[in-house]
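Residue numbers (my numbering): 597 to 753.
Please read the structure below before turning to the comments.
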């Protein structure tokens, strides 16, 4: 909890990004902790991401090494299996990760569908932020959130 970490002036300090990747579902098997960018998850000794625990974030994961391919947004919380971090159902591959401070755009209303990161900068066309088609119908700022199983989100305490 951020409130557990105080500076000498008594103000909360920001937590460093922290994510733990497990090879098996439900946080089992070999794991590796990351505190910064990881361009190739296999180089850490983790062959396959079966579950993810975000202790401080947010983070973005990619289906391919070197931050390429489909993007997955990870906020503070537990992701016990691959289908808990993607709604596209196209891939179960997670190959690279990096911490972020951004907004996220979604393909469909209600924060559903493919996800696109909107970091500081200019976007003249949808391909500039990785969208194959110009279809972004909902956008929100990324922060620590708690998700319901149906996909609606509520601010965490």
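The beta carbon of each residue, even a glycine, is placed where N, CA and C say it ideally should be.
Mind checking whether residue 707 and residue 736 have CB atoms under 8 Å apart? Taking the chain shown and counting its residues from 1, the one referred to as residue 707 is at position 111. Taking the chain shown and counting its residues from 1, the one referred to as residue 736 is at position 140. By the CB criterion at 8 Å, residue 707 and residue 736 fall inside the cutoff.
Would you decide whether residue 733 is buried or exposed? Buried here means 16 or more other CB atoms lie within 10 Å of its CB. Sequence index remark: in the chain shown, residue 733 carries index 137 (1-based). Residue 733 comes out exposed.
In terms of alpha-carbon separation, which member of 662, 663, 655, 665 lies closest to residue 675? Position 79 of the chain shown holds residue 675. If we check each option's Cα against that of residue 675, 655 comes out closest.
Residue 627 - containing beta strand (DSSP E), residue span: Here residue 627 refers to the residue found at position 31 when the chain shown is read from its first residue. In this chain, the beta strand (DSSP E) harbouring residue 627 covers 624-630.
Output yes or no for whether 8 Å exceeds the beta carbon distance between residue 640 and residue 659. The residue you call residue 640 lines up with position 44 of the chain shown. The residue you call residue 659 lines up with position 63 of the chain shown. Contact: no.
Euclidean distance between Cα positions of residue 638 and residue 728: Looking up residue 638 in the chain shown gives position 42. Looking up residue 728 in the chain shown gives position 132. Computed Cα separation, rounded: 27 Å.
Three-state secondary structure (DSSP) of residue 733: The residue labelled residue 733 in the question sits at position 137 within the chain shown. Collapsing the DSSP output to three states places residue 733 in coil.
Am I right that residue 635 and residue 612 are in contact with their C-beta atoms under 8 Å? What's the rounded C-beta distance? Reading the chain shown from its first residue, position 39 is the one you call residue 635. Reading the chain shown from its first residue, position 16 is the one you call residue 612. About 19 Å separates the beta carbon of residue 635 from that of residue 612, a gap too long to meet the 8 Å contact definition.
In angstroms, rounded to a whole number, what distance separates the CA positions of residue 647 and residue 677? Residue mapping note: residue 647 aligns to position 51 of the chain shown, counting from 1. Residue mapping note: residue 677 aligns to position 81 of the chain shown, counting from 1. Put simply, the backbone Cα of residue 647 is about 5 Å away from that of residue 677.
For residue 664, tell me which candidate among 621, 721, 726 has the shortest Cα-Cα distance. Sequence index remark: in the chain shown, residue 664 carries index 68 (1-based). Ranking the options by Cα distance to residue 664, first place goes to 726.
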